[in-house]
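Residue numbers (the working numbering), protein chains in the order written: chain P, 641 to 877; chain R, 641 to 877.
A virtual CB, placed ideally from N, CA and C, is assigned to each residue, including glycine.
If you're wondering where the values come from, they're calculated on a predicted model, not measured in any experiment.
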């Protein structure tokens with residue numbers, strides 16, 4: 641496709657194994673077949689995704705460049721070269737939505753500076769879906785990414801989380817390295833009031849999906865194991 | 641469908657006119673055909689949505705109860721009665737994702753307390769899609785809902801927004817009553833530094849979709865009109 645004003649399409653990718661059509665609208669799959677230039681978080685997983693989308697896509701005829709945490713920021717702007725020639729481009733992350741808790745925002749920022757049209761597409765987001773399923777306030781919320789690792793700063797952050805919930809009624813959302821999930825719950829149980837509500841949302845859209853909201857006093861009793869499962873945490877009271 | 645443990649499905653709804661399949665995965669459309677009990681934000685728009693999903697859905701055979709800002713909180717729990725009898729239920733908002741900047745969270749909270757399985761589905765969210773398209777930080781962000789209307793509190797909030805961007809590198813997302821969109825941009829231009837970046841995302845997924853990021857100094861020059869168009873605002877620097 642060649643327009644007067646080329647477009648940068650942001651393609652979400654499934655979070656779990658399974659048919660792309662279960663979590664992506666048909667329009668995304670149609671658009672994917674029409675684009676030849678992609679910036680992708682990981683070459684191997686992007687090729688696997690494109691093969692799952694349609695056998696009509698001839699991967700070898702596509703131009704894929706890698707864009708991730710190893711990319712030199714100085715190289716990002718040059719990735720948009722095909723758009724200067726009038727071609728549409730697509731961004732594909734490893735899982736979930738490009739540019740949200742994932743690389744891609746830098747590339748979008750360059751596209752915005754150059755006045756290109758940016759077109760985000762619908763797809764699965766563990767942040768949004770866990771918030772929907774938590775029962776917590778969806779009128780006001782904060783996504784914090786990872787909590788700080790260093791003990792002092794981590795504790796200060798937990799105090800700030802507690803204050804922001806009480807003062808602003810704002811849902812707090814954060815993630816953890818999967819092998820530390822159980823330890824994080826244990827830590828929240830010890831650091832925060834027992835009547836505060838914790839929602840643990842794991843394997844979103846996957847076969848073992850589970851979204852459980854309960855007071856920290858109930859999490860204190862154990863009986864869970866989220867070790868190594870992609871999980872997102874939400875606090876509210 | 642009747643399970644041992646009934647499910648509460650959260651069905652996103654298109655944000656703009658057009659075919660549901662453009663913004664909703666095929667799985668959502670299949671599930672909608674199998675559910676008979678719904679809590680909906682607005683009866684008329686829910687019926688219109690279900691008709692657009694499939695002619696196979698016989699609306700008159702469904703049980704729809706209204707759940708919105710006029711609902712007495714004391715009546716929310718009773719809406720889950722079909723689940724007590726083992727039936728799955730669905731939640732449908734007027735546009736976008738149930739329970740996120742939309743009613744539904746109270747009902748989900750009751751379902752969580754009763755231990756029912758809650759299943760959020762994929763769909764369009766102007767919050768998430770505008771964040772993707774803005775080029776701003778997607779590793780840390782806050783959705784504030786509407787800014788306060790009263791001048792003093794509104795000004796204090798703008799100061800807090802400025803501080804949170806500088807200190808925590810956190811993208812700030814908020815909405816405005818559509819007829820006041822232009823006035824809000826004018827206000828941001830006057831209250832915040834000219835080099836701060838404002839993204840204005842309007843008519844997301846609609847025919848006039850536009851997502852534009854520029855410094856406030858450029859917004860100061862005018863040349864826009866978002867009056868009465870559903871629009872979302874993002875700040876970052």
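message: Distance cutoff 7 Å, beta carbons only. Does residue 818/P sit that close to anything in chain R?
response: Working through the first chain from its first residue, we reach residue 818/P at position 178. Chain R contact via Cβ: absent.
- prompt: Within 10 angstroms of its Cβ, does residue 650/R collect 16 or more other Cβ (buried), or is it exposed?
  reply: Position 10 of the second chain, counted from the first residue, corresponds to residue 650/R. So residue 650/R ends up on the buried side.
query: Do you know whose CA, among 869/R, 848/R and 857/R, lies nearest residue 838/R's CA?
result: Taking the first residue of the second chain as 1, we reach residue 838/R at position 198. For the residues 869/R, 848/R and 857/R, the minimum Cα distance to residue 838/R belongs to 857/R.
field: Under 9 Å by beta carbon: chain P residues contacting residue 846/R
entry: One-based indexing of the second chain puts residue 846/R at position 206. Near residue 846/R there are no residues of chain P at all, since even the closest Cβ is about 12 Å away, more than 9 Å.
field: Reduced DSSP category for residue 678/R - H, G, I as helix; E, B as strand; rest coil
entry: To locate residue 678/R, count along the second chain from 1; it is residue 38. Looking at residue 678/R - three-state DSSP - the assignment turns out to be strand.
query: Can you list, in chain order, the residues of its chain whose CB lies under 8 Å from that of residue 877/P, leaving out five sequence neighbours each side?
result: Working through the first chain from its first residue, we reach residue 877/P at position 237. Hits under 8 Å: 805, 806, 833, 835, 836 and 837.
message: Here's the rule: buried if 16 or more other CB atoms are within 10 angstroms of the residue's CB, otherwise exposed. What is residue 724/R?
response: Within the second chain, numbered from 1, the residue matching residue 724/R stands at position 84. Counting Cβ neighbours within 10 Å, residue 724/R comes out exposed, since fewer than 16 surround it.
query: Any Cβ of chain R within less than 7 Å of the Cβ of residue 696/P?
result: If you number the first chain from 1, residue 696/P lands on position 56. Closer than 7 Å: no.
message: Using beta carbons (cut-off 7 Å, strictly below), is residue 853/R in contact with chain P?
response: One-based indexing of the second chain puts residue 853/R at position 213. Yes, contact with chain P.
- request: Measure from the C-beta of residue 780/R to each C-beta in chain P and report whether the shortest distance is under 7 Å.
  value: Counted from its first residue, the second chain places residue 780/R at position 140. Cβ-Cβ to chain P under 7 Å: yes for residue 780/R.
field: Neighbour list for residue 745/R in chain P, Cβ cutoff strictly below 7 Å
entry: By 1-based counting over the second chain, the position of residue 745/R is 105. Those within 7 Å of residue 745/R in chain P are 775, 776, 777 and 778.
task: Note down, in chain order, every chain R residue with its Cβ under 7 Å from the Cβ of residue 783/P.
output: Position 143 of the first chain holds residue 783/P. Those within 7 Å of residue 783/P in chain R are 780 and 781.
- request: At 8 Å on the CB atoms, spell out the chain C contacts of residue 719/P, in chain order.
  value: Checking the listed chains, one finds no chain C in this structure; the protein chains it contains are P and R.
- prompt: Given 8 Å as the limit, is there contact between the stretch 744 to 751 of chain R and the stretch 778 to 786 of chain R, that is, 3 or more CB pairs closer than that?
  reply: no
Cβ-based burial, residue 696/R [other Cβ within 10 Å; buried from 16]: Numbered from 1 along the second chain, position 56 holds the residue referred to as residue 696/R. Looking at its Cβ environment, which holds fewer than 16 other Cβ atoms inside 10 Å, residue 696/R is exposed.
message: Does any residue of chain P have a CB that is nearer than 7 Å to the CB of residue 752/R?
response: Numbered from its first residue, the second chain carries residue 752/R at position 112. Yes, its Cβ sits closer than 7 Å to a Cβ of chain P.
- prompt: Contact between the stretch 842 to 857 of chain R and the stretch 651 to 665 of chain R: three or more CB pairs below 8 Å?
  reply: yes
message: Give me the chain P residues within the contact set of residue 667/R, using Cβ-Cβ distance strictly less than 9 Å, ordered along the chain.
response: Sequence index remark: in the second chain, residue 667/R carries index 27 (1-based). Within 9 Å Cβ-Cβ: 659, 661, 662 and 663.
- request: With DSSP collapsed to three states, give me the class of residue 832/P.
  value: Looking up residue 832/P in the first chain gives position 192. In this structure, residue 832/P counts as coil in the three-state DSSP scheme.
task: Could I get the ranges of all uninterrupted beta strand (DSSP E) runs contained in the stretch 771 to 796 of chain R, with 3 residues as the minimum, in chain order?
output: 781 to 786
message: Is there a Cβ of chain R sitting closer than 7 Å to that of residue 768/P, yes or no?
response: As a working note, residue 768/P is residue 128 in the first chain. Yes - at least one Cβ of chain R is within 7 Å of the one on residue 768/P.
query: In the DSSP assignment, what are the bridge partners of residue 852/R?
result: Translated into positions along the second chain, residue 852/R becomes position 212. Its beta-bridge partners are 840/R.
message: Quick check: is the beta carbon of residue 642/P nearer than 7 Å to any beta carbon in chain R?
response: Residue mapping note: residue 642/P aligns to position 2 of the first chain, counting from 1. Reliability of the predicted coordinates at residue 642/P is poor, the pLDDT of 44 falling under 50, and the value obtained from them is presented with this limitation in mind. By this cut-off, residue 642/P is not an interface position.
message: Short of 8 Å in beta carbon distance, which residues of its chain neighbour residue 756/P, apart from the five on each side in sequence? Order them along the chain.
response: The sequence position of residue 756/P within the first chain is 116, counting from 1. Cβ neighbours of residue 756/P beyond the five flanking positions: 645, 646, 647, 648, 720 and 723.
- prompt: Which residues of chain P have a Cβ atom closer than 8 Å to the Cβ of residue 763/R, listed in chain order?
  reply: To locate residue 763/R, count along the second chain from 1; it is residue 123. Near residue 763/R (Cβ distances below 8 Å), the residues of chain P are 762.
- prompt: DSSP on residue 882/R, reduced to helix/strand/coil?
  reply: Chain R is shown from 641 up to 877; residue 882/R falls before or after that span and cannot be answered.
- request: Return no unless some Cβ of chain R is closer than 7 Å to the Cβ of residue 796/P.
  value: For the purposes of this step, residue 796/P is taken as residue 156 along the first chain, with counting starting at 1. It does not; no Cβ of chain R falls within 7 Å.
- prompt: With distances taken from CA atoms, which of 677/R, 847/R, 799/R and 664/R is nearest residue 736/R?
  reply: For the purposes of this step, residue 736/R is identified with residue 96 of the second chain, where counting begins at 1. The residue with the shortest Cα to Cα distance from residue 736/R is 664/R.
query: For the candidate residues 778/P, 830/P and 852/P, whose alpha-carbon lies nearest to that of residue 799/P?
result: Sequence index remark: in the first chain, residue 799/P carries index 159 (1-based). Among 778/P, 830/P and 852/P, the Cα nearest to that of residue 799/P belongs to 830/P.
field: CA-to-CA distance, residue 668/P to residue 763/R, given in whole angstroms
entry: What you label residue 763/R is simply residue 123 of the second chain in a count that begins at 1. What you label residue 668/P is simply residue 28 of the first chain in a count that begins at 1. Cα to Cα, residue 763/R sits roughly 12 Å from residue 668/P.
- prompt: Using a Cβ-Cβ cut-off of 6 Å (strictly less than) and excluding sequence neighbours within five positions of residue 955/R, which residues of its own chain qualify?
  reply: With chain R covering 641 to 877 only, the question about residue 955/R has no answer from this structure.
- prompt: Buried or exposed: residue 642/R, going by 16 or more other Cβ atoms within 10 Å of its Cβ?
  reply: For the purposes of this step, residue 642/R is taken as the residue at position 2 of the second chain. Its pLDDT being 45, under 50, residue 642/R is placed unreliably in this model, and the value from its coordinates should be taken loosely. It is exposed - the Cβ of residue 642/R has fewer than 16 other Cβ atoms within 10 Å.
query: Whose C-beta lies closer than 6 Å to the C-beta of residue 759/R among residues of the same chain, with five residues either side of it excluded?
result: Position 119 of the second chain, counted from the start, is the residue given in the question as residue 759/R. 647 and 649, listed in sequence order.
message: Once DSSP output is grouped into helix, strand and coil, what is the label at residue 693/P?
response: Numbered from its first residue, the first chain carries residue 693/P at position 53. Of the three classes helix, strand and coil, the one that applies to residue 693/P here is helix, per DSSP.
- prompt: What are the start and end residues of the beta strand (DSSP E) that includes residue 760/R?
  reply: Your numbering for residue 760/R matches position 120 in the second chain. 757 to 760 is the span of the beta strand (DSSP E), which, as asked, contains residue 760/R.
message: For residue 694/R and residue 851/P, I'd like the C-alpha separation in whole angstroms.
response: As a working note, residue 694/R is residue 54 in the second chain. As a working note, residue 851/P is residue 211 in the first chain. If I take the Cα positions, the gap works out to 29 Å.
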